[in-house]
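Asker: Protein chains in written order, with our numbering: chain A, 36 to 407; chain B, 472 to 980.
Yeah, the Cβ is synthetic: ideal placement off N, Cα and C, and Gly gets one too.
Quick one: structure below, then a few questions.
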Amino acid sequence: MNDQSKNNEENARSFSSWLGALWRAVAVPLAAVLLAILIGAILLAISGANPFRAYAALIEGSFGSMKAFGRTLAKATPLIFSGLSVAFAFKAGLFNIGAQGQLLFGALASAVAGFMLKGLPPFLHVTVAVLAGAIAGALFGAIPGVLKAYTGASEVITTIMLNYVAINITDYIADGPLKDSAGGNIVARTPEILDSARIPSIGEIPVGFFLAIIVSIIVWFTLWRTTTGFEIRTVGLSPHAAKYAGMRVAFTVILTMIISGFLAGMGGSIESLGIVGRYQPGFNTGLGFDGITIALLGKTHPFGIIPAAILIGAMKAGASTMQFNAGVAKEITDVIQALMLFFVTADLIIRKLLRTREEDGEKIILSGWGQQ
Amino acid sequence: MTEENLALEIRHVTKRFPGVLANDDVSFTLRKGEIHALLGENGAGKTTLMNVVYGLYTQDEGEFLIDNNVVEINGPSDAINYGIGMVHQHFMLVPVFSVTENMILGSEVTKGTSLDLRRARREILEISEAHGLEVDPDAIVENIPVGVQQRVEILKALYRKANILVLDEPTAVLTPQEAEDLFRVMRALTEKGVSIIFITHKLKEVLNVADRITVMRRGKVVGHTSPHETDQKGLAAMMVGREVLLEVKKAPAKPGDVVLEVANLTIEGERGLEVVKDISFEVRAGEILGIAGVQGNGQTELVEAITGLRSIDAGEIVLMGKKVPFENPRYLVENGMGHVPEDRHKHGLVLPYNLADNFVLCTYYQKPFAGQMLMRNHQAVFENAVGLIKRFDVRAPGADVPASTLSGGNQQKVIVGREFSRPLKVLVANQPTRGLDVGSIEYIHKEIVKMRDEGVGVVVISAEIDEILSLADRIAIMYRGKIVTTVDAKDATREQLGLWMAGVQPEAA
């Protein structure tokens, strides 16, 4: 056998093993989505609706026209960011439940930069405003990072609690010091951002979506192509080995939370500058929490998060059309989303159905406690 | 063969994993009431075979007979129903539960809706008395010694009415005394009619305790023998497939300058007790200092302090004439210290990472593995791995397989390859061959001696007297956090070292 054909064979083998790995990664989320849709259909049927009509309306409302598609992408954009935020922290072994709070601060800071900074050219104004939001998210994300690194406080607990802090502080600011006073407004919201701070759309496609794609690629690159990403992943997989290898574990934990908060803050920023046009409490509700669903559905991989966010975005975008055309309460989409999360986390059920075993059978055997 | 009184017969079992033939047409018989040793190097397929028997894997070909009837085993619960009990290398106990609670886990005795712990406790005492396996049923598992935990595992199997017992590397975690206890228990069990499959790679133990021996190599059975037909050398040759040097060949050491100095080191443990008390020693270039001691006498903490994994409470460490900053492994990596850690899964490797990444775990940020702007150079990382896999004879399908898929011996070779290929001045190897097979031990010992001969100052910490005796030029004995004495290896005897390790004070010379 000459070198050429050997090489070809090797390439073919590595390609097929790559395909196999891809299938193993995609199989469970895909099955979870299908199963959730199926059960959703049963629930629709039970409640007396026609599931085919309901789903057809859902698809029409999310992909049926350019306008619908644009709406789907607009809904998906902040979800990509919050999904990336959760997934990024996950790579360092951190469960950032606080993407919601970080996102709120990001949304508020961008909105403030959007109406307060005057006389900037549009591109610069948008850049500054987005950065303001991202940095606000990063600073708020740093708090649980520092607490974890220096006191060992579980980030799950601190981020959950800090979400309430964020909700109340942002509510207060929007209803107090920075309340919109235009035209005798009584609603809790900040003044409208200047046109120069507005993130436009190209046709029906919001520019923020492209930004989300670019950021996903940067996140992927950081995690898998840089030494910092190597440190983050090592800390996530084995903090002991990371210490042994001379990595600064505490620093890495804080850095990861800062970047995670940065990503969440950016999601809030795009929402304020591209969709809402100001900060208004209630408009960003749940975007950060959806990030958890999306991160898990996307297998915490940046390129898995994009389709996951589009899927959830489509359900949000099409829900109204479904309600209108098929007479189905739009909350059914929340039920389906919850079912997806359920099946993806309870992936043992799916694995049983698909009959795929855990990739390394060793796990079953080595899970004795002596191994920690 | 049916005249024979067989407890278990394995016929032509084949088990494939992607890219590996783990068991290749393996046949094996277990007579009633015998101890049958299954001997082989790590990765030879012993554990796989037993996991197939226990129903954790399904065989691709072949069948099992229990009491001469063909049976299907589709999971551990089937295996348990057929009277097969398995004690894994790593115990499956809940540390915060009592012995009784652990014992009944999965087959709880109930009275109405609540647990009948009292009845369970009584039954456990009966079984443990009947088999001479003493345990305190009320003790909390995390508080009892490893040897007793193992006894709990065995009792657990007996409690589930096992009459075929599979012990997977049972002595790997035991002290020599605990191992003797275990052998006594094993013999007592066979007298009660229990049949035992004893998986191991330790030759002495096999000759000591087994009735029959089956040797496996690379997934195949390569021979059957018995203790009175063979000796250690013969078994080792069968296992490895060639003659093996059981003793390390080495020239007398030529010690040079002091490369590592530990002065008045004191470390407080978790509960404020001093686990290392005022220890001082030095290591010269080109010598091997062996630190002997029964596990748990402060060696782990001492090594962690020297290698930067733990802070200290008093004293100092000097590497190449410079005081070492504490808890700074990176400084040590950059100043010529290599560390083969005690726990290769916890510290030594990132198991889900491929070999290439594991080979650069400590140097990933240095040239050529990283370039401008924190960018990793994957090509350099892979080339490095391919070279080291070849140089250190790591048996792996490629540089891109996860470290978790390798056998223990090959995992250790990855660590040794990573550490030894750096420019070293000092090498600290803690239990470098624990849990490894003869072939790997021979190889790693040879490499350590080679490092010494190249002028590296080596510290070897081991609980195995034989390892210390065959490697070290000087021997320090640790007992209760102190170095009891330091002797020249030429003057040391096994018996004397054993006494010192057990706490007998050396006579004032």
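1. Anything in chain B within Cβ reach of glycine 281/A, meaning under 7 Å, just list it in chain order.
2. Nearest-angstrom Cα distance between glutamine 407/A and alanine 142/A?
3. Out of Asn522/B, Leu596/B, Cys833/B and Arg631/B, which one is the CA nearest neighbour of glycine 809/B?
4. Of the residues Glu190/A, Phe286/A, Ala164/A and Met292/A, which one's Cα is nearest the Cα of methionine 301/A?
5. Could you tell me the alpha carbon to alpha carbon distance between valine 558/B and alanine 352/A, rounded to whole angstroms?
6. What's the gap between the Cα of asparagine 552/B and the Cα of proline 608/B?
7. At 9 Å on the CB atoms, spell out the chain B contacts of phenylalanine 245/A, in chain order.
8. Between the C-alpha atoms of glutamate 190/A and leucine 564/B, what's the straight-line distance to the nearest angstrom?
9. Pick helix, strand or coil for alanine 785/B, following the three-state DSSP scheme.
10. Assuming alanine 659/B and glycine 603/B make a contact with CB atoms under 8 Å, what is their CB distance in whole Å?
11. Report the neighbours of histidine 672/B on chain A: residues whose CB is nearer than 7 Å to its CB, in chain order.
12. Could you check the C-alpha separation between glycine 176/A and alanine 373/A for me, to the nearest Å?
13. Can you look up asparagine 540/B in the DSSP assignment and give me helix, strand or coil?
14. For chain B, check one thing: does any of its Cβ atoms lie closer than 8 Å to the Cβ of arginine 260/A?
15. Which partner residues does alanine 947/B have in the DSSP bridge list?
16. Relative to the alpha-carbon of threonine 368/A, which residue among Thr262/A, Ala349/A, Arg224/A and Pro212/A has its alpha-carbon at the smallest distance?
17. By the DSSP assignment, the beta strand (DSSP E) with isoleucine 481/B in it spans what residues?
18. List the endpoints of the continuous alpha helix (DSSP H) containing valine 927/B.
19. Taking only the alpha-carbon atoms, compute the straight-line gap between asparagine 131/A and threonine 112/A and give it to the nearest angstrom.
20. Using a Cβ cut-off of 9 Å, pull out every chain A residue sitting near leucine 760/B, in sequence order please.
21. Would you kindly report the start and end of the unbroken beta strand (DSSP E) that includes proline 639/B?
22. Hey, quick one: how far does the beta strand (DSSP E) through isoleucine 310/A stretch, first residue to last?
23. Spell out whether any CB of chain B is found under 8 Å from the CB atom of serine 304/A.
24. Return the first residue and the last residue of the alpha helix (DSSP H) that histidine 849/B is part of.
25. Note down, in chain order, all residues in the region 646-657 of chain B with a beta-carbon under 9 Å from any beta-carbon belonging to chain A.
26. Assuming glutamate 787/B contacts lysine 794/B under a Cβ cut-off of 8 Å, what Cβ separation, rounded to an integer in Å, is found between them?
27. With a cut-off of 8 Å, do at least 3 Cβ pairs link the region 253-269 of chain A to the region 82-99 of chain A?
28. Given that a residue counts as buried once 16 or more other Cβ atoms are within 10 Å of its Cβ, and exposed if not, what is phenylalanine 158/A?
29. Which residues does DSSP pair with histidine 695/B in a beta bridge?
30. With 8 Å as the threshold, decide whether the Cβ of leucine 820/B is near any Cβ in chain A.
31. Hey, how far is the Cα of serine 693/B from the Cα of isoleucine 481/B?
32. Once DSSP output is grouped into helix, strand and coil, what is the label at proline 241/A?
33. Please report whether the beta-carbon of arginine 487/B lies at a distance below 8 Å from any beta-carbon of chain A.
34. Going by C-alpha distance, which of Leu826/B, Asn540/B and Gly554/B is nearest glycine 526/B?
35. In terms of residue numbering, what span does the alpha helix (DSSP H) encompassing serine 120/A cover?
36. Return the CA-CA distance between aspartate 395/A and isoleucine 252/A, expressed in angstroms with no decimal places.
Answerer: In this structure, then:
1. Residue mapping note: residue 281/A aligns to position 246 of the first sequence, counting from 1. By Cβ distance, chain B contributes Pro800, Arg801, Val804 and Cys833.
2. Position 372 of the first sequence, counted from the start, is the residue given in the question as residue 407/A. Position 107 of the first sequence, counted from the start, is the residue given in the question as residue 142/A. A caution first: glutamine 407/A carries a pLDDT of 25, below 50, which makes its placement in the model too unreliable to give a value.
3. Locating residue 809/B in the second sequence gives position 338, where the first residue counts as 1. Among Asn522/B, Leu596/B, Cys833/B and Arg631/B, the Cα nearest to that of glycine 809/B is on Cys833/B.
4. In the first sequence, counting from the first residue as 1, residue 301/A sits at position 266. Here the closest residue by C-alpha is Ala164/A.
5. Taking the first residue of the second sequence as position 1, residue 558/B is located at position 87. Taking the first residue of the first sequence as position 1, residue 352/A is located at position 317. Answer to the nearest angstrom: the Cα atoms are 56 Å apart.
6. Taking the first residue of the second sequence as 1, we reach residue 552/B at position 81. Taking the first residue of the second sequence as 1, we reach residue 608/B at position 137. Going from the Cα of asparagine 552/B to the Cα of proline 608/B covers about 24 Å.
7. Position 210 of the first sequence, counted from the start, is the residue given in the question as residue 245/A. Near phenylalanine 245/A there are no residues of chain B at all, since even the closest Cβ is about 24 Å away, more than 9 Å.
8. The residue given as residue 190/A occupies position 155 in the first sequence. The residue given as residue 564/B occupies position 93 in the second sequence. Those two C-alpha atoms are separated by around 29 Å.
9. Taking the first residue of the second sequence as position 1, residue 785/B is located at position 314. Here alanine 785/B sits in strand by DSSP.
10. Working through the second sequence from its first residue, we reach residue 659/B at position 188. Working through the second sequence from its first residue, we reach residue 603/B at position 132. Indeed, because the Cβ distance is near 5 Å, the residues count as touching under 8 Å.
11. In the second sequence, counting from the first residue as 1, residue 672/B sits at position 201. Simply none; closest approach about 18 Å.
12. Here residue 176/A corresponds to residue number 141 of the first sequence, with the count starting at 1. Here residue 373/A corresponds to residue number 338 of the first sequence, with the count starting at 1. So the alpha carbons of these two residues sit roughly 26 Å apart.
13. Numbered from its first residue, the second sequence carries residue 540/B at position 69. Three-state result, asparagine 540/B: strand.
14. To locate residue 260/A, count along the first sequence from 1; it is residue 225. Chain B contact via Cβ: present.
15. Locating residue 947/B in the second sequence gives position 476, where the first residue counts as 1. Ile762/B and Thr957/B.
16. Sequence index remark: in the first sequence, residue 368/A carries index 333 (1-based). The candidate whose alpha carbon is nearest that of threonine 368/A is Ala349/A.
17. The count along the second sequence starts at 1 and reaches residue 481/B at position 10. Start and end: 477-488.
18. As a first step, residue 927/B must be located in the second sequence, where it is residue number 456. Counting along the chain, valine 927/B falls outside any alpha helix (DSSP H), and DSSP gives it neither H nor E.
19. Numbered from its first residue, the first sequence carries residue 131/A at position 96. Numbered from its first residue, the first sequence carries residue 112/A at position 77. Whole-angstrom Cα-Cα distance: 19 Å.
20. Taking the second sequence and counting its residues from 1, the one referred to as residue 760/B is at position 289. Residues of chain A passing the Cβ test: none, with the nearest at roughly 22 Å.
21. Reading the second sequence from its first residue, position 168 is the one you call residue 639/B. At residue 639/B the sequence reads aspartate, which differs from the proline that was named. Aspartate 639/B -> beta strand (DSSP E) spans 635-639.
22. One-based indexing of the first sequence puts residue 310/A at position 275. Note, isoleucine 310/A: premise wrong, no beta strand (DSSP E); not H, not E.
23. One-based indexing of the first sequence puts residue 304/A at position 269. Output row for serine 304/A: interface = no.
24. Taking the second sequence and counting its residues from 1, the one referred to as residue 849/B is at position 378. Counting along the chain, the alpha helix (DSSP H) containing histidine 849/B begins and ends at 849-862.
25. none
26. Taking the second sequence and counting its residues from 1, the one referred to as residue 787/B is at position 316. Taking the second sequence and counting its residues from 1, the one referred to as residue 794/B is at position 323. The Cβ separation is near 6 Å, so the contact holds.
27. no
28. Position 123 of the first sequence, counted from the first residue, corresponds to residue 158/A. The residue in question, phenylalanine 158/A, is exposed, as its Cβ has fewer than 16 Cβ neighbours within 10 Å.
29. As a position in the second sequence, residue 695/B is number 224, starting the count at 1. Per DSSP, Thr685/B.
30. Taking the second sequence and counting its residues from 1, the one referred to as residue 820/B is at position 349. True, the Cβ-Cβ gap to chain A drops below 8 Å.
31. Numbered from 1 along the second sequence, position 222 holds the residue referred to as residue 693/B. Numbered from 1 along the second sequence, position 10 holds the residue referred to as residue 481/B. This sequence places valine at residue 693/B; serine is not what is there. If I take the Cα positions, the gap works out to 15 Å.
32. The residue given as residue 241/A occupies position 206 in the first sequence. Strand, per DSSP.
33. As a position in the second sequence, residue 487/B is number 16, starting the count at 1. Answer no: the Cβ-Cβ gap between arginine 487/B and chain A never drops below 8 Å.
34. Here residue 526/B refers to the residue found at position 55 of the second sequence. Cα-wise, what sits closest to glycine 526/B is Gly554/B.
35. Position 85 of the first sequence, counted from the start, is the residue given in the question as residue 120/A. Start and end: 101-126.
36. Taking the first sequence and counting its residues from 1, one reaches residue 395/A at position 360. Taking the first sequence and counting its residues from 1, one reaches residue 252/A at position 217. Summary for aspartate 395/A: the model assigns pLDDT 36, below 50, so the residue's position carries little reliability, and this model does not support an answer.
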